[in-house]
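Remarks on the structure that follows.
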Amino acid sequence: MKILKLMERGAKILGSRYAILGGAMTWISEARLVSSMANSGIFGVLASGAMDGDLLKQEIESTQEKTRQNFGVNIIIANPELHNLIEVCGEKKISHIIVAGGILDKNLIDEIHSRGMQVMTFAPALSIARTLFRQGIDALILEGSEAGGHVGPVSTMVLIQDILLNLREYPIFIAGGILRGEVVASLLQLGAVGCQLGTVFACCKESTAHENFKKALLKARGRNAVTPVQLDKKFPIAQVRAIENLGTEKFIAKQRETLIKFGKGEVALDDGRLSLEHFWAGALRRAVRDGDVDRGSLMAGQIVEIVKEERSIEEIVLTLLTEAECFLSSAACAFPIA
Ligand SMILES: Cc1cc2nc3c(=O)[nH]c(=O)nc-3n(C[C@H](O)[C@H](O)[C@H](O)COP(=O)(O)O)c2cc1C
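Mind the numbering: the sequence shown is residues 3 to 340 in my numbering, read in order.
This is the structure in structure tokens:
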């Protein structure tokens with residue numbers, strides 16, 4: 003198959019059959035989902051979120067009981083247990099750590115390497131990507147602002163042209179707004195080594211997310227997957243793409259109220275910022291675990307526009323591979339190169 007040939011390099015880096023990552027999703031990417039991904043030939047990534055070392059150890063063991071295939075662990079750089087989590091991953095013979103939520107330094111890269119694991123991470127700009135490769139990361143994920151969850155300001159299309167096309171010699175995976183096999187094939191032709199998908203797996207049959215959460219994503223349109231409006235630069239707002247709901251409206255009201263209080267001198271700048279930061283605390287859990295689709299955070303990417311049914315991971319992967327193969331075959335017919 004042509005698509006498998008194109009995926010060869012990425013699959014080798016990941017140690018999986020296909021060069022597709024099931025991106026980590028806090029509260030969603032747990033043992034069942036990740037092991038099912040691994041057993042379907044893609045590279046699943048456990049989300050460690052705010053876990054401590056003991057919890058992560060349990061989750062890794064539970065995943066390893068369900069699969070003999072490789073999988074990775076996503077670690078948020080601000081987690082106070084960062085070094086403990088890395089140690090646990092090393093002990094449990096995890097192959098790859100995917101560091102998210104900030105730019106990592108050479109010491110952290112060396113620390114992960116010294117424990118026998120590969121390091122992958124994200125970069126929002128070309129200069130940062132170059133530095134990270136120079137410092138020794140094993141692969142990069144370019145995640146555009148179409149993606150679900152915490153996002154940067156730049157779209158996948160621009161990151162591809164700014165970073166991928168300038169760093170073709172390095173292993174780069176693309177994420178954000180990807181579902182169809184034709185797109186995956188085209189990205190591989192452009193020099194990417196693989197792709198990472200998230201939202202579609204949040205809604206798949208093996209996902210243990212609450213039915214209400216899945217239904218809200220399946221019925222949403224792309225335009226409903228928004229990042230929050232920031233009313234004032236003095237109160238910066240984390241950019242998290244999610245389906246708009248009552249919580250989104252209440253958040254705008256909360257910002258307005260904070261601004262008024264700040265204007266009147268009733269609240270200090272730091273306290274105001276902190277109260278806005280705390281607004282969404284625990285909100286993803288409320289949506290994903292408790293099914294509170296009104297006040298919880300319905301993190302999802304714009305790709306919800308074309309995610310319309312709950313499919314199994316195997317069906318999603320098979321469809322993607324078939325689309326990619328058909329695309330590559332007809333492209334070869336239309337544009338014979340050799
Ligand atoms: C509900 C949800 C939670 C997420 N949580 C995380 C996370 O904890 N760590 C991370 O690196 N990325 C997280 N992401 C991003 C995904 O790993 C993935 O890169 C992204 O969903 C890909 O884009 P897509 O949503 O367009 O498929 C999350 C995405 C979603 C939808």
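Idealized CB from N, CA, C, for every residue including glycine.
Straight-line gap, I90 to K59 (C-alpha atoms, nearest Å): Sequence inspection shows Val at residue 90; the Ile mentioned does not correspond to that position. As the crow flies, the alpha-carbon of V90 is around 6 Å from that of K59.
For W123, the three-state DSSP class (helix, strand or coil): First, the amino acid is wrong: residue 123 is Thr here, not Trp. Strand, per DSSP.
Nearer than 7 Å: is that true of the beta carbon of I176 relative to any heavy atom of ligand 1? Not so, every heavy atom of ligand 1 lies at least 7 Å from the Cβ.
Going by DSSP, what residue range makes up the alpha helix (DSSP H) through L189? 183 to 191 is the extent of the alpha helix (DSSP H) around L189.
What separation, rounded to the nearest whole angstrom, lies between the Cα atoms of L142 and S64? Each residue's alpha carbon lies about 27 Å from the other.
Work out the CA separation of L271 and K236 for me, nearest whole Å. When rounded, the distance between both Cα atoms is 8 Å.
Among A283, T324, M39, A255, which has the Cα closest to the Cα of V185? Comparing C-alpha distances from V185 to each of A283, T324, M39, A255 shows the shortest one belongs to T324.
What does the alpha-carbon distance come out to for the pair D234 and E251? C-alpha separation (whole angstroms): 16 Å.
Closer than 8 Å is the cut-off here; do at least three beta carbon pairs connect the stretch 288 to 304 with the stretch 205 to 213? The stretch 288 to 304 vs the stretch 205 to 213: in contact.
Top-ranked residue by Cα proximity to N81, from T69, S50, Q71: Comparing Cα positions, the closest option is S50.
Buried or exposed (CB count within 10 angstroms, at least 16 for buried), G284: It is exposed - the Cβ of G284 has fewer than 16 other Cβ atoms within 10 Å.
Say yes only if the C-beta of V160 is nearer than 7 Å to one or more non-hydrogen atoms of ligand 1, and no if none qualify. V160: no, Cβ never under 7 Å from ligand 1.
Are the stretch 122 to 131 and the stretch 154 to 165 touching by the rule of at least three beta carbon pairs closer than 8 Å? In short, these stretches touch, since the Cβ pair count reaches three.
Return the residue from the list L181, M39, A187, L166 that minimises the CA-CA distance to A326. Closest by alpha carbon: A187.
Can you find a heavy atom of ligand 1 that lies under 7 Å from the Cβ of G183? It does not: the Cβ of G183 is nowhere closer than 7 Å to a heavy atom of ligand 1.
By Cβ distance below 6 Å, which residues in the same chain neighbour S38 in space, the five residues on each side in sequence not counted? Result list for S38: E208, I315, in chain order.
Suppose only complete runs of 4+ residues qualify. What are the alpha helix (DSSP H) ranges in the stretch 15 to 83, listed by chain order? For the stretch 15 to 83, whole alpha helix (DSSP H) runs of length 4 or above, ordered along the chain, are 33 to 41, 55 to 68.
Under 7 Å from any heavy atom of ligand 1, does the C-beta of A125 make it? It does not: the Cβ of A125 is nowhere closer than 7 Å to a heavy atom of ligand 1.
Fully enclosed by the stretch 145 to 185, which alpha helix (DSSP H) runs are 4 residues long or longer? Entirely contained in the stretch 145 to 185, the alpha helix (DSSP H) runs reaching 4 residues are, in chain order, 158 to 164.
Could you tell me the boundaries of the alpha helix (DSSP H) in which A211 lies? Unbroken run through A211: none, as it is neither H nor E.
Residues near G179 in its chain [Cβ-Cβ closer than 7 Å; skip 5 each side]: Hits under 7 Å: G146, E148, A149, T158, G303, Q304, I305.
Given a cut-off of 8 Å, decide if G92 and R132 are closer than it, judged by their beta-carbon atoms. When the beta-carbon positions are compared, R132 and G92 stay at least 8 Å from each other.
Option in G46, D294, T321 with minimal Cα separation from S97: Nearest of G46, D294, T321 to S97, Cα basis: G46.
Can you tell me whether S331 is buried or exposed? The criterion is at least 16 other CB atoms within 10 Å of its CB, across all chains shown. S331 comes out exposed.
Does the pairing of the stretch 163 to 180 with the stretch 190 to 200 give three or more beta-carbon distances under 8 Å? A contact exists between the stretch 163 to 180 and the stretch 190 to 200.
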